[in-house]
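Before any comments, here is the structure.
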Amino acid sequence: MNDSQRERLIELVSELAIQRGQFTLASGRTSSYYVDMRQATLHHEAGPLIGHVMLDMLEEAGFGAGVAEAVGGLTMGADPVAAAILHAAASRGLNIDAFVVRKAAKDHGMKRQVEGPSIEGRDVVVLEDTSTTGGSPIQALEAARAAGANVLAVAVIVDRATGAKEKIEAYGVPYLAALGLDDLGLDPQ
Ligand SMILES: O=P(O)(O)OC[C@H]1O[C@H](OP(=O)(O)OP(=O)(O)O)[C@H](O)[C@@H]1O
Ligand SMILES: O=C(O)c1cc(=O)[nH]c(=O)[nH]1
1 MNDSQRERLI ELVSELAIQR GQFTLASGRT SSYYVDMRQA TLHHEAGPLI GHVMLDMLEE
61 AGFGAGVAEA VGGLTMGADP VAAAILHAAA SRGLNIDAFV VRKAAKDHGM KRQVEGPSIE
121 GRDVVVLEDT STTGGSPIQA LEAARAAGAN VLAVAVIVDR ATGAKEKIEA YGVPYLAALG
181 LDDLGLDPQ
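Printed below as a string of structure tokens:
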């Protein structure tokens, strides 16, 4: 892992994404802060940095290019993360495809739930921008498995330390997070 890139990502996520206030989360829980990760994943500096930090983390965990063949997750939080990793890998001369899991299969055309180059029979990593209960990455993991993929791991940028790790590990895959609440000066909620 390139420590200076990770440190810069912490600065950018703190500056761009952390919002204080009263928020309702995807799970229905409430929280006094929100990690608005799209402010980082779609930012000109933070977006590309996320690709490199996430790719470094996957490589260190043994799921880099040559092992993981594709990365992706539930639209839309995971989408820019997957694209950033694809581009970070390409910039290093490595091949990683991306995929997008729709919240429901399309009812026309190819009627797919998982878009992108086929993941059937391939080793993939499921992504998320941030995770609270793990519900979204689990939905993506189940859809990827239903599409015939072998899910190697779930990897998120920010883990909110509220149970996602345990729930995902119960599916028999490791859970990796590039940043934790300590990095961002937040308490679990
Ligand atoms: O770990 P969880 O409890 O699933 O919560 C985290 C989810 O919440 C956010 O997306 P959101 O549900 O707001 O939807 P969106 O991607 O469609 O904007 C985030 O991108 C994760 O997908
Ligand atoms: O749990 C969520 O819905 C959630 C939390 C958070 O900090 N950021 C986000 O995009 N979603």
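Per UniProt numbering, numbering through the sequence shown is continuous, rising by one, with the last residue being 189.
Don't be surprised by glycine CBs; every beta carbon is placed ideally from N, CA and C.
Check whether residue i and residue j have beta carbons under 8 Å apart
{"i": "K103", "j": "T75", "result": "yes"}
{"i": "F23", "j": "L152", "result": "no"}
{"i": "G47", "j": "P137", "result": "no"}
{"i": "G185", "j": "E128", "result": "no"}
{"i": "A68", "j": "V156", "result": "no"}
{"i": "S32", "j": "Q189", "result": "yes"}
{"i": "R29", "j": "T132", "result": "yes"}
{"i": "Q19", "j": "V53", "result": "no"}
{"i": "E169", "j": "G148", "result": "no"}
{"i": "R92", "j": "L49", "result": "no"}
{"i": "A143", "j": "V101", "result": "yes"}
{"i": "L141", "j": "V154", "result": "yes"}
{"i": "G26", "j": "G135", "result": "The amino acid at residue 26 is misidentified as Gly; the sequence shows Ala. Yes. Within cutoff."}
{"i": "L42", "j": "A89", "result": "no"}
{"i": "H87", "j": "G51", "result": "yes"}
{"i": "L176", "j": "A61", "result": "yes"}
Simplified DSSP state of residue i, which is helix, strand or coil
{"i": "A81", "result": "Here residue 81 turns out to be Val, not Ala, going by the sequence shown. Helix."}
{"i": "T75", "result": "coil"}
{"i": "V67", "result": "coil"}
{"i": "R38", "result": "helix"}
{"i": "Q5", "result": "helix"}
{"i": "G185", "result": "coil"}
{"i": "G21", "result": "strand"}
{"i": "A178", "result": "strand"}
{"i": "S14", "result": "helix"}
Residue i beta carbon near ligand 1 (any heavy atom closer than 7 Å)
{"i": "residue 198", "result": "In the structure as shown, the chain begins at 1 and stops at 189. Residue 198 is therefore absent and cannot be evaluated."}
{"i": "M76", "result": "yes"}
{"i": "L25", "result": "yes"}
{"i": "E128", "result": "yes"}
{"i": "A164", "result": "yes"}
Contact test: residue i Cβ vs ligand 2 heavy atom, cutoff 7 Å
{"i": "G28", "result": "no"}
{"i": "V35", "result": "yes"}
{"i": "R102", "result": "no"}
{"i": "R145", "result": "no"}
{"i": "R160", "result": "yes"}
Residue i CB to nearest heavy atom of ligand 4 below 7 Å
{"i": "G135", "result": "By its list of ligands, the structure shown excludes ligand 4, since it contains just ligand 1 and ligand 2."}
Unbroken stretches of the alpha helix (DSSP H), 4 residues or longer, contained in the UniProt domain "Phosphoribosyltransferase" (88 to 168) = Fully contained in the UniProt domain "Phosphoribosyltransferase" (88 to 168) are the following alpha helix (DSSP H) runs of length 4 or more, in chain order: 135 to 146.
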